[in-house]
Every structure is written in structure tokens, then in C-alpha cells.
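Student:
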Amino acid sequence: MIIYNTQSPQKALYLVGANILATVQKHKISESSVQRLHEKYNEAYDSISFSYFMYALDWLFLLGSISMNNNGHIQICS
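Be aware that the sequence shown starts at 3, since it is given in this note's numbering, and climbs by one per residue.
1. Are the CB atoms of A58 and G19 within a distance shorter than 7 Å?
2. Once DSSP output is grouped into helix, strand and coil, what is the label at S53?
3. In terms of DSSP beta bridges, what is E33 paired with?
4. Taking the C-alpha atoms as reference points, what is the distance between E33 and Q12?
5. Within this structure, are the beta carbons of F55 and H40 separated by less than 7 Å?
6. For K42, which residues of its own chain have a beta-carbon under 7 Å away from its beta-carbon, when the five flanking residues on both sides are left out?
7. Could you give the distance in angstroms between the alpha-carbon of I78 and the alpha-carbon of I68?
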């Protein structure tokens, strides 16, 4: 759920998206594969499925917060 899920509020996409951005900042990642970023996320926060992680990346992409480079790696937009 994008905004709020009463059963699992920690899975709200805006919160997962914020946690992804925090993970990137914490580990000073300039670019990363999706799989590596998912692993780092699951080390730092409650583990989420890969598909749900992809929903959060889609959310960040729609917001213009991330992009994908020619190598297929995720980058934070400045």
C-alpha cells in the first residue's frame, strides 16, 4: 500500500522508499545493483520481499528520486 497499511504500517511504500534512501546515504552508495541494494536494505530493516522492494523503487522513480544508469544500476538523483 502506498500510504498506509493497518496490518503492516512499516510496509507503506513511502516509508520503505525513505528507508531505501537512508540505506544509500548510510553506506555512501553512489550506484548499486537492485539485488545488492535489496540485500543492504534487508540487513538494516525488517526483511521485505524483492517484489515489494521493487514497488518502492518504482515509487522513488516516479518521484524523480532515483534513476537507472546505462549499466542497470540504481543512482540517487540530485
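Just so you know, even glycine gets a beta-carbon here, dropped at the ideal spot from N, CA and C.
Tutor: In short, the structure shows the following:
1. Stepping through the sequence shown from its first residue, residue 19 is reached at position 17. Stepping through the sequence shown from its first residue, residue 58 is reached at position 56. In contact: G19 and A58 (Cβ atoms closer than 7 Å).
2. The count along the sequence shown starts at 1 and reaches residue 53 at position 51. Residue state, collapsed to three classes: helix.
3. The residue labelled residue 33 in the question sits at position 31 within the sequence shown. Q77, per the DSSP bridge assignment.
4. Position 31 of the sequence shown, counted from the start, is the residue given in the question as residue 33. Position 10 of the sequence shown, counted from the start, is the residue given in the question as residue 12. Rounded to whole angstroms, E33 to Q12 spans 25 Å at the Cα level.
5. Within the sequence shown, numbered from 1, the residue matching residue 55 stands at position 53. Within the sequence shown, numbered from 1, the residue matching residue 40 stands at position 38. Yes, these two residues count as a Cβ contact at 7 Å.
6. As a first step, residue 42 must be located in the sequence shown, where it is residue number 40. Correct list, in chain order: T25, H29.
7. If you number the sequence shown from 1, residue 78 lands on position 76. If you number the sequence shown from 1, residue 68 lands on position 66. One C-alpha to the other measures close to 4 Å.
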